[in-house]
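Undergrad: Just dropping this structure here.
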Amino acid sequence: MLRSSLQRTAVSIAGKAAFPRNLHHATFRALSSMNAQPLTSSVASRRMPTLMVRAFSTADSTPVDRHEFQAETRQLLDIVTHSIYTDKEVFVRELISNASDALEKFRHHQAVGATLLTPEIEPKIVITTDVAANTLTIEDTGVGMSKEELVQNLGTIARSGSKAFLEQLKKEAPTETTAAATGIIGKFGVGFYSAFMVADKVEVYSASALGDGSGHVWTSDGSGSFEVRAVNNAGRGSKIVMHMKESCKDFAKPERVESIIKKYSNFVAFPILLNGTEVNVVQALWTKDSKDVTDEQYTEFYKFIANAFDDPLYRLHFKADAPLELKTLFFIGSTHTEKFGYARLEPGVSLYSRKVLIERHSPDILPDWMRFVRGVVDSEDLPLSLSREKMQDSRLLAKMKDVLTRRILKFLDEQARKEPEKFDKFFAEFGQFIKEGVCMDFQNKAGLSKLLRYESSALDAGKTTSLDEYVSRSSPDQNEIYYLCAPSRELALQSPYYEAFKKTKKEVLLVYHSMDDFVMNSVGEFNSRKVVSAEAAKLDVQEDSEHGEKLSDEDANLLTAWLGLKLESSVTKVEITNRLHDSPAVVTDHESASVRRMMQMVNQTQGGSAVMPASKHVLQINPRHPIVVKLNQLRTTNEELAAKVAAQVHTNACLSAGLVEDGRVMIGDLNYLLEELLTHSLKN
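Residue numbers (our numbering): 19 to 702.
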């Protein structure tokens, strides 16, 4: 992407055409609080041996050329200073980016063998604050500008130096592959004019690296005109001196400027010296080849950008050219704070363009459920607004999100296969985010479902399995994946809903949180197999061949009809089932416990009761269970007591299904049954 060098020029871009600058895309929230964080020796600030000093002198007798801004330029100045930028501090970012572009352009001219002014001067950006004079100075040793370029590039927006430079570059060096040839970023080039947001007077001293060494100063108060005059002893590059408005004196303070540099420009490729001390000493590791970065450097970088104290569990460092040009470095930490009930995590990935921060902790780079990921994305393919603060092309942004999300999911799936135990540790810590994604991100549901891990009735306690592994163990003719939701493994294996699976030796996934019921419902289908709750499973279970008393068909019909009458307020019908072995009854065709909890919460928010009555359901009874057999006998001798027993059998079945919100509702019936039991025992 290219940018009107116009501004960049302003900043220090020059040459026959000024150098654009990309409007950048966002980055690390993690970096925000980093400024106060102490770093290890490898990233601590270090002093530079010398400070660049240039004497630009003028004489009163020097002729002055006065010019009027074009109408469009005056309009642009008004827009930039009053409308576009939402935060005035970004003017520092804009001018540093322009300075970096000017240095990149100088490098290109060196690479193609151009004759340059003072090529021995090292490339750098020097920033000087003067509280007493209320000025901020930003200078560079880049390509600089001639008098004509100062007038053309800073006085008019009709000329795009960036575009002109690229066109010339293509003509003169069509095979050039250097960073300078491809690293021009931006199309608009208005960054220079952002200086007028904070300054009531701006001076730009510049001498072109392609010229004879003569220097000039461009001066304006941003009102409607500017003037240009010659200066003596000019050095290569550009220097911008901003005389701050009274309301913006804070920007002449070194600590304020340092915090802005670290926030937006910490990874600029060239040294940035603030009052003699290099500020941007943290390397932009995402631009390096992964084989050139050590584990220690990765860990240190993670702690810096994420403001973290733990070591990263995973890292993903990759570059892509299609469908978008991307340089990325992602980390997943060892833990997170959301699990402790703290505030919801903010997005952890920030967006850069050519190592300049565009947006910290951007909510648009990854889906919300991936907020546990920390890192950096650097892309030059996204067009931004003039101020670099609002993205213009949501389609490209959506494409980037899609590419990055699928790449992270692929990485996690690869890690799960490569190191299962390490992935289990990841899922135990971050599984809630994966589950959230399954429920919320339909587009990536298939990839997310592969990452789910649950215990299984076929495995030892504590061991988990994936849906893929479950399918591989099941018979080819099994068209369903079964799961059972219970508070614990012990309760799941004692559940009446598990008895049929135990009988038929079918594997069941064991899920222990109500959220998992929603998750499995959201999965819906996996590898062409429907995901079904054990409570709703329709298994073909053979009748027990064990000896023991069993209801006759006639008694079974009479008992089910009688129960249907006694429980008509709660059940739609009563039927015989072969699915049970140890339990007398079970309820089916009911809403899940998790759905009930959700409805309950909604009801409470609307001022309703915290306890909701269960909807009607089917009661299935086990014709071989002693309680059922004796209940059939009792109904003919003591129907009142039999009705109480029947109600308790039904309540117990509802309790197993998670449909009893408060066990205290059972106390009255239980006390009655205990009294009857004691009375009967004493009579005997």
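C-beta atoms are modelled at their ideal positions from N, C-alpha and C, and glycine is treated no differently.
Quantities reported herein were computed from a predicted structural model and do not represent experimental measurements.
#1: Among Ala675, Gly676, Asn670, Ser674, which one has its Cα closest to the Cα of Met684?
#2: Throw me the rounded Cβ distance for the Ser283 and Val374 pair, which I believe falls under 8 Å.
#3: One question on the structure: do Leu569 and Ala664 come within less than 8 Å of each other, judged by their Cβ atoms?
#4: Could you give the distance in angstroms between the alpha-carbon of Asn171 and the alpha-carbon of Glu454?
#5: Check this for me: beta carbons of Val391 and Phe441, under 8 Å apart or not?
#6: Could you tell me the alpha carbon to alpha carbon distance between Arg64 and Glu296, rounded to whole angstroms?
#7: Let me check understanding here. Comparing Cα to Cα, which of Val550, Ala555, Glu593 lies closest to Asp571?
#8: Identify which residue in Leu369, His379, Ser371, Arg372 has its Cα closest to the Cα of Leu363.
#9: Taking the continuous beta strand (DSSP E) assigned at Met538, which residues delimit it?
#10: Whose C-beta lies closer than 7 Å to the C-beta of Thr147 among residues of the same chain, with five residues either side of it excluded?
#11: According to the Cβ coordinates, are Tyr320 and Ala326 closer than 8 Å?
#12: Report the partner residues of Met260 according to the DSSP bridge assignment.
#13: Under the assumption that Val149 contacts Ile278 (Cβ atoms under 8 Å), give the Cβ distance between them as a whole number of angstroms.
#14: Evaluate the contact criterion for the segment 231-242 versus the segment 335-352: three or more CB pairs, one atom per stretch, below 8 Å.
#15: With three or more beta-carbon pairs closer than 8 Å as the criterion, would you say the segment 462-478 touches the segment 420-439?
#16: With a CB to CB cut of under 8 Å and the five nearest residues on each side skipped, what residues in its chain are close to Arg92?
#17: Can you tell me which of Leu334, Arg372, Leu342, Arg389 puts its alpha carbon nearest to the alpha carbon of Glu356?
#18: Hey, would you say Glu498 sits closer than 8 Å to Arg547, going by beta carbons?
#19: Which residue comes first and which comes last in the alpha helix (DSSP H) that contains Tyr690?
#20: What three-state label does DSSP hand Asn640 in the structure shown?
#21: Skipping 5 residues on each side, what residues in its chain have a beta carbon closer than 8 Å to that of Lys443?
#22: Rounded to a whole number of angstroms, what is the C-alpha to C-alpha distance between Val559 and Arg597?
#23: Helix, strand or coil: which one does DSSP assign to Val468?
#24: By a C-beta neighbour count over all protein chains shown, 10 Å radius and 16 as the cutoff for buried, is Ser674 buried or exposed?
#25: Please classify Ala199: does DSSP put it in a helix, a strand, or coil?
#26: Could you check which residue in Phe288, Glu432, Gln512 has the C-alpha nearest to that of Phe124?
#27: Could you check what DSSP says for Thr80 in three-state terms: helix, strand or coil?
#28: Closest to Lys648 by C-alpha separation, out of Asp119, Ser475, Ala574, would be which residue?
#29: Would you identify the three-state DSSP class for Leu677, choosing helix, strand or coil?
#30: Give me the Cα-Cα distance between Phe519 and Lys556, rounded to the nearest whole angstrom.
#31: Under the rule that 16 or more other beta-carbon atoms within 10 Å means buried, what is Val286, buried or exposed?
#32: Taking the DSSP output, what are the residues bridged to Tyr332?
#33: Kindly provide the ranges of any beta strand (DSSP E) runs that are 3 or more residues long and lie completely inside the segment 545-571, ordered along the chain.
#34: Please confirm if the segment 518-533 is in contact with the segment 467-476, defined as three or more CB-CB distances below 8 Å between the two stretches.
#35: According to DSSP, which residues form a beta bridge with Leu344?
#36: Return yes when the Cβ of Glu314 is within less than 8 Å of the Cβ of Val259, no when it is not.
TA: Short version:
#1: Within the sequence shown, numbered from 1, the residue matching residue 684 stands at position 666. Checked all of Ala675, Gly676, Asn670, Ser674; the closest Cα to Met684 is Asn670.
#2: Counting from one through the sequence shown, the residue named residue 283 turns up at place 265. Counting from one through the sequence shown, the residue named residue 374 turns up at place 356. The Cβ separation is near 6 Å, so the contact holds.
#3: Position 551 of the sequence shown, counted from the start, is the residue given in the question as residue 569. Position 646 of the sequence shown, counted from the start, is the residue given in the question as residue 664. In this structure, the beta-carbon distance from Leu569 to Ala664 does not fall below 8 Å.
#4: Working through the sequence shown from its first residue, we reach residue 171 at position 153. Working through the sequence shown from its first residue, we reach residue 454 at position 436. Our two residues, Asn171 and Glu454, have alpha carbons roughly 51 Å apart in a direct line.
#5: Taking the first residue of the sequence shown as 1, we reach residue 391 at position 373. Taking the first residue of the sequence shown as 1, we reach residue 441 at position 423. Contact: no.
#6: Within the sequence shown, numbered from 1, the residue matching residue 64 stands at position 46. Within the sequence shown, numbered from 1, the residue matching residue 296 stands at position 278. Unreliable positioning characterises Arg64 in this predicted model, as indicated by a pLDDT of 35, which lies under 50. A coordinate reading is not provided.
#7: Mapped onto the sequence shown, residue 571 falls at position 553. When each option's Cα is compared against that of Asp571, the closest is Glu593.
#8: Taking the sequence shown and counting its residues from 1, the one referred to as residue 363 is at position 345. For Leu363, the nearest C-alpha among the options comes from His379.
#9: Against the sequence shown, residue 538 aligns to sequence position 520. Unbroken run through Met538 is the alpha helix (DSSP H), 532-541; no beta strand (DSSP E).
#10: Here residue 147 refers to the residue found at position 129 when the sequence shown is read from its first residue. Leu154, Ala270, Lys271, Pro272, Val275, Asn293, listed in sequence order.
#11: Mapped onto the sequence shown, residue 320 falls at position 302. Mapped onto the sequence shown, residue 326 falls at position 308. A distance below 8 Å separates the beta carbons of Tyr320 and Ala326.
#12: Walking along the sequence shown from the start, residue 260 turns up at place 242. Partner(s): Leu154, Val220.
#13: Here the question's residue 149 lines up with position 131 in the sequence shown. Here the question's residue 278 lines up with position 260 in the sequence shown. Incorrect: roughly 16 Å between the Cβ atoms, too far for contact.
#14: Result no; under three Cβ-Cβ pairs closer than 8 Å.
#15: Output reads yes: the segment 420-439 touches the segment 462-478.
#16: Along the sequence shown, one-based indexing puts residue 92 at 74. Counting only Cβ-Cβ distances below 8 Å, and skipping sequence neighbours, we find Gly242.
#17: For this step, residue 356 is matched to residue 338 along the sequence shown. Considering only alpha carbons, the answer is Arg389.
#18: Looking up residue 498 in the sequence shown gives position 480. Looking up residue 547 in the sequence shown gives position 529. Cβ atoms of Glu498 and Arg547: closer than 8 Å.
#19: As a working mapping, residue 690 is identified with position 672 in the sequence shown. Note, Tyr690: alpha helix (DSSP H), 685-701.
#20: The residue you call residue 640 lines up with position 622 of the sequence shown. For Asn640, the three-state secondary structure derived from DSSP is coil.
#21: Residue 443 sits at position 425 when you count from the first residue of the sequence shown. Answer for Lys443: Leu331, listed in chain order.
#22: The sequence position of residue 559 within the sequence shown is 541, counting from 1. The sequence position of residue 597 within the sequence shown is 579, counting from 1. Rounded to whole angstroms, the gap between the alpha carbons of Val559 and Arg597 is 6 Å.
#23: The sequence position of residue 468 within the sequence shown is 450, counting from 1. The displayed chain sequence assigns Lys, not Val, to residue 468. It is coil, neither helix nor strand.
#24: Here the question's residue 674 lines up with position 656 in the sequence shown. Classification for Ser674: buried.
#25: Position 181 of the sequence shown, counting from 1, holds the residue named residue 199. Because the pLDDT at Ala199 is just 34, under 50, the model does not fix this residue reliably, and the value given afterwards should be weighed accordingly. The three-state secondary structure of Ala199, taken from DSSP, is helix.
#26: Your numbering for residue 124 matches position 106 in the sequence shown. Ranking the options by Cα distance to Phe124, first place goes to Phe288.
#27: Taking the first residue of the sequence shown as position 1, residue 80 is located at position 62. Thr80: coil per DSSP, three-state reduction.
#28: By 1-based counting over the sequence shown, the position of residue 648 is 630. That would be Ala574, whose Cα lies nearest to the Cα of Lys648.
#29: The residue labelled residue 677 in the question sits at position 659 within the sequence shown. Residue state, collapsed to three classes: coil.
#30: Along the sequence shown, one-based indexing puts residue 519 at 501. Along the sequence shown, one-based indexing puts residue 556 at 538. Between Phe519 and Lys556, the C-alpha separation is close to 11 Å.
#31: Position 268 of the sequence shown holds residue 286. By the C-beta density criterion, Val286 is buried, having at least 16 other C-beta atoms within 10 angstroms.
#32: Walking along the sequence shown from the start, residue 332 turns up at place 314. Beta-bridge partners of Tyr332 (DSSP): Ile350.
#33: Within the segment 545-571, the complete beta strand (DSSP E) segments at least 3 residues long are 547-551, listed from N- to C-terminus.
#34: The segment 518-533, when compared against the segment 467-476, does touch it at the 8 Å Cβ threshold.
#35: Sequence index remark: in the sequence shown, residue 344 carries index 326 (1-based). When beta bridges are read from the DSSP output, Leu344 appears opposite Ala338.
#36: Stepping through the sequence shown from its first residue, residue 259 is reached at position 241. Stepping through the sequence shown from its first residue, residue 314 is reached at position 296. No, they are not a contact pair.
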